[in-house]
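**Student:** To start, I am sharing the structure in question, which I have written as structure tokens.
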Amino acid sequence: MKQILIEGGHILRGEIKVSGAKNSAVALVPASLLSDEVITIDNIPNISDIDALNDILTYLGAKVTREKEMMRIDATGISNRKIPEQISKKLRASYYFMGALLGKYRHVEMYFPGGCAIGTRPINLHLKAFELLGATIEEKDNLFIIHADRLKGNHIYFDFPSVGATINVLLAACKAEGKTVLENAAKEPEIVSVATFLNNMGAKITGAGTSTITIHGVQKLGRCFMEVIPDRIEAGTYIIAGALVGDKLRITNLIPEHIEALLSKLKEMHCPLKIGEDYVEISASNDIKATNIKTQGYPGFPTDLQQPITTLLTQAHGKSVLEETIYENRFQNVPYLNNMKADITIDNRKIYVKGPTKLSGQVVKATDLRAGACLILAGLKAEGKTVVTEVEHVLRGYENIIEKLENVGAKITLEEI
Ligand code: UD1
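So the mapping is simple: our numbering equals the position in the sequence shown, first residue as 1, plus 1.
Written out as structure tokens, the structure reads:
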């Protein structure tokens, strides 16, 4: 087990460079299977979710080499065997093997994916879409056997714009016969990057980034090179760190347009910030104002930044209201923040945050990835020492978080216990 120790109250100065996006890389890596040639992906973050996908690829017989941030995947000689539960449950994104293997081989056998316990997280929309493309699905004891004699394009409408289900439709439909039209698709930048990746291989996808995506199936996909886009959630987390304890802290290698919802909230709160072409410079202030936030699909306020920004709301003057509309169990960070002397009440899908309160160091638990990020941010601001336990969750999604924070002046260490 790993834990992070933080001595709070140190000012952060200097530069933090944002890594490649976890949620883009975890889709591109399984998508590589669809190619009949070698794929190269650059700017891959060094996080344990990527290691877990690597394990699945090599289990299937792919040849994977990694050199710094570059990953080469040769999946030409793989055998389509059942993916065991102990490797599929390591992460949520293992579900992309469903779409990729179905697209390539018309057959998949794998178990329910893992991921953070932030709600029930069903995959019914993924499965419904596969059925509409002509697949049959058998499910027993968490094992899914998905088979199609023929995959045929269809008209698919999602009840909810799910990120994972949208990407899975791209993966399966790009090699189906004929045309698929997906309505009420998710619009996240990670979806645009998967569509670009597949198009670079020879797929015919238009409309990614809007709510209607059209896919014309092709028979073969070839070689391509792709660079992972910057991680907008990692960028947002460090920007919030700057708003808490920064002195002209510069977060670089980001796409400001991807974090517009966060930046406009920070402006509304009167956080001193400067937005450049590919960076944000931000400082802490004692005069930030309370605000109201509601999580939504892109371009709305991302649910993945909801827990990190809660720490900032504890420092704002007045009462903030934050509503979580995507997940039903994403406030597990709140009791720990209250242990650190925040003043937050939970009312169903909303929290009310009264501020400002002086946070004080405590032993707290990272119940999930972004809850862990929230508590690390609280530890940076709090008086005294904070210990964040079970930080394996955090290491799944933030590349070199200790080094990045240490380099700008944080007193933070990782401990094995
Ligand atoms: C992805 C991201 C996650 C982010 C989320 C929302 C990855 C690996 N993870 O997760 O970091 O928080 O998008 O931006 O990219 N739902 C259903 N049925 C389904 C699919 C989803 O009911 O078949 C529900 C979920 O329970 C949840 C909501 O839809 O309430 C959002 O899910 P979705 O957009 O699919 O998120 P993930 O792909 O799991």
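Built from N, CA and C at the ideal position, the CB exists for glycine as well.
(1) Return the residue from the list 344, 279, 214 and 393 that minimises the CA-CA distance to residue 170.
(2) Does DSSP put residue 31 in a helix, in a strand, or in coil?
(3) Report whether the distance from the Cβ of residue 305 to the nearest heavy atom of the ligand UD1 is below 8 Å.
(4) Tell me, which residues are paired with residue 18 by DSSP?
(5) Taking the alpha carbon of residue 111 as the point to measure from, which residue in 84, 265 and 137 has its own alpha carbon closest?
(6) Looking at the ligand UD1, does it come within less than 8 Å of residue 165, judged from the CB to the closest heavy atom?
(7) Tell me whether residue 233, by its Cβ, gets closer than 8 Å to a heavy atom of the ligand UD1.
(8) Return yes when the Cβ of residue 91 is within less than 9 Å of the Cβ of residue 62, no when it is not.
(9) Where do the ends of the beta strand (DSSP E) carrying residue 111 lie?
(10) Compare the C-alpha of residue 222 against each of 242, 233, 241 and 200 and name the closest.
(11) Can residue 217 and residue 179 be called in contact, C-beta distance under 9 Å?
(12) Going residue by residue through the region 284-322, where are the continuous beta strand (DSSP E) segments of at least 3 residues, counting only ones entirely within it?
(13) Contact between the region 357-364 and the region 332-345 is defined here as three or more beta-carbon pairs at a separation below 8 Å; is this criterion met?
(14) Given this structure, state the Cα-to-Cα distance separating residue 32 from residue 386, to the nearest angstrom.
(15) With 16 as the cutoff for other CB atoms within 10 Å, does residue 224 come out buried or exposed?
(16) Can residue 285 and residue 244 be called in contact, C-beta distance under 9 Å?
(17) Would you give the residue range spanned by the beta strand (DSSP E) that residue 239 belongs to?
(18) What does a CB cutoff of less than 8 Å around residue 65 pick up in its chain, not counting 5 residues either side in sequence?
(19) Quick one: what's got a C-beta closer than 7 Å to residue 143's C-beta in the same chain, skipping five residues either side?
(20) Measure from the alpha carbon of residue 393 to the alpha carbon of each residue in 371, 380 and 410, then state which is nearest.
(21) Taking the continuous beta strand (DSSP E) assigned at residue 10, which residues delimit it?
(22) Can we count residue 223 as close to the ligand UD1, meaning its CB is less than 8 Å from some heavy atom?
(23) When we look at the beta-carbon of residue 156 and count the other beta-carbons within 10 Å, is it buried (16 or more) or exposed?
(24) Starting from residue 166, follow its DSSP beta bridges and name the residues at the other end.
(25) Please classify residue 96: does DSSP put it in a helix, a strand, or coil?
(26) When DSSP labels each residue in this structure, what does residue 117 get in the three-state scheme?
(27) Around the C-beta of residue 302, are 16 or more other C-beta atoms found within 10 angstroms, so that it is buried, or is it exposed?
(28) Apart from the five residues on each side of it in sequence, which residues of its chain come closer than 6 Å, Cβ to Cβ, to residue 35?
**Tutor:** Here's the rundown:
(1) 214
(2) helix
(3) yes
(4) 253
(5) 84
(6) yes
(7) no
(8) no
(9) 108-112
(10) 200
(11) yes
(12) 293-295
(13) yes
(14) 43 Å
(15) exposed
(16) yes
(17) Taken as a continuous stretch (DSSP letters only), residue 239 belongs to no beta strand (DSSP E), being part of the alpha helix (DSSP H) at 233-246.
(18) 55, 58, 59, 72, 73, 74 and 75
(19) 86, 112 and 113
(20) 371
(21) Element bounds for residue 10: n/a, residue is neither H nor E.
(22) no
(23) exposed
(24) Per DSSP, none; premise fails for residue 166.
(25) helix
(26) coil
(27) buried
(28) 101, 104, 105 and 222
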